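J.: Residue 39 in this note's numbering sits at position 39 of the sequence shown; the count goes up by one each step and never skips. From the three backbone atoms N, C-alpha and C, an ideal C-beta is built for every residue, glycine too. Quick caveat: nothing in here was measured; it's all calculated off a predicted structure.
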Amino acid sequence: MSDRPLTSGKSHTHSGQLATAVVDQLQALDDLGPDASSEGARPHLRKLGEATLAFAQAIDGDLPLLSEFDRELELLGPMLDVPSRLGAAGETELAVRVAEALQFCAPDDMKGQIALVHAQAGARERALQLVLTNLESAKQPFISEFRAGDVYRELGEADAAEAYYRRSLALADSASARSEASLRIASLLIDTGREAEAVAFLTQQRAQLSTPTAPETGTPAQLARVGRNDPCPCGSGKKSKKCHGA
Numbered sequence: 001m002s003d004r005p006l007t008s009g010k011s012h013t014h015s016g017q018l019a020t021a022v023v024d025q026l027q028a029l030d031d032l033g034p035d036a037s038s039e040g041a042r043p044h045l046r047k048l049g050e051a052t053l054a055f056a057q058a059i060d061g062d063l064p065l066l067s068e069f070d071r072e073l074e075l076l077g078p079m080l081d082v083p084s085r086l087g088a089a090g091e092t093e094l095a096v097r098v099a100e101a102l103q104f105c106a107p108d109d110m111k112g113q114i115a116l117v118h119a120q121a122g123a124r125e126r127a128l129q130l131v132l133t134n135l136e137s138a139k140q141p142f143i144s145e146f147r148a149g150d151v152y153r154e155l156g157e158a159d160a161a162e163a164y165y166r167r168s169l170a171l172a173d174s175a176s177a178r179s180e181a182s183l184r185i186a187s188l189l190i191d192t193g194r195e196a197e198a199v200a201f202l203t204q205q206r207a208q209l210s211t212p213t214a215p216e217t218g219t220p221a222q223l224a225r226v227g228r229n230d231p232c233p234c235g236s237g238k239k240s241k242k243c244h245g246a
C-alpha cells in the first residue's frame, strides 16, 4: 500500500465507491448484450466514461491503490479499453479525457488510444501526427506499433495496418502479446477477404511458439525497427518517411 493520504479514511472509501461505479457501468453494458454496440448504448458508454474519469482522477496516479482495487474488482483491463469504446460511439472529447487521466498506468497504450480516437472521429492528419509522435517516444514499442495498426485500420488503410501489426508481433516479448498481435493480423486478413491466408498464418504462429529465434537472423526487436529512410513496410517501395512513416 502507498503511504499517501488517499489510501486511508474517507478518501479511500470514496475511491472504492468510484471503482465500484466503474464495475457497475461495465456490467450494465455487458447486460445489453448485442445492443452494446448500438446507438442505444451511447448513454451507457458515456456513464461508463464519466465513472472511469472520476475514478482515475480520484486515485491521482496512485499505482498501489489502483492495484488494490484491481485485485478486488478486476477492473483494470476493461477500464483501459474505455477510451476506444467511447471513440467508437462518437464520444471523442470524453474519450480523450479518460485516456489522458489513465496515462499514469499505461502511457503508451493511452497515447495510442488517443490517436485511435481521433481516427474514429475522422481526423486523419491529427491521428497520424500522434502516431508518429507515439512511435518516436515509445517506452514499450510493441504497444505503440500495435496501436498504430489500429489507427491505420480505422482509417481504412489495410496495408499499413497489417505492416504495423506485423511489426508489433515481431516486438512481442510474451505469449499473450504474441497472441494479441496474431489475432489482430488474422482478423485483418479475414476482413480483407484473405481467409485462407489467415488460417495459414495462425497455423504458422502456433508452430513457431516453441521455436526460438536463430541468433544469425537477429532478434525480433532488431528485425522490426524501420528507420525513416528505410523502405516502408507496407511494400509501396517508398521510404518510410515519405509513406506511412510520414
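Given this structure, state the Cα-to-Cα distance separating ARG184 from SER67, to the nearest angstrom.
T.: Going from the Cα of ARG184 to the Cα of SER67 covers about 28 Å.
J.: In three-state terms, what does DSSP make of ASP70?
T.: Here ASP70 sits in helix by DSSP.
J.: Would the segment 28-48 count as touching the segment 83-98 if we require 3 or more Cβ pairs under 8 Å?
T.: Enough Cβ pairs lie closer than 8 Å, so yes.
J.: Using a Cβ-Cβ cutoff of less than 8 Å, which residues in the same chain neighbour LEU94 once the five nearest sequence positions on both sides are dropped?
T.: Once the five neighbours on either side are set aside, the close Cβ partners of LEU94 are ARG46, GLY49, GLU50, LEU53, LEU86.
J.: Alpha helix (DSSP H) containing PRO83: first to last residue?
T.: Start and end: 82-88.
J.: Measure the CB-CB distance between ALA181 and LEU169 and report whether it falls below 8 Å.
T.: Contact flag set, yes.
J.: Among PHE146, ALA177, ALA186, whose alpha-carbon lies nearest the alpha-carbon of ARG167?
T.: Selected option, being the one with the closest Cα: PHE146.
J.: Kindly indicate the opening and closing residues of the alpha helix (DSSP H) around SER179.
T.: 175-191 is the extent of the alpha helix (DSSP H) around SER179.
J.: Considering only the alpha carbon of each residue, which of PRO43, ALA115, ALA58 lies closest to ALA19?
T.: Of the listed residues, the one whose Cα sits closest to ALA19 is ALA58.
J.: I'd like to check one pair, ALA99 with GLN120: are the Cβ atoms closer than 8 Å?
T.: Not a contact, by the Cβ cut-off of 8 Å.
J.: Per DSSP, what kind of secondary structure is GLN25 in: helix, strand or coil?
T.: Correct three-state label for GLN25: helix.
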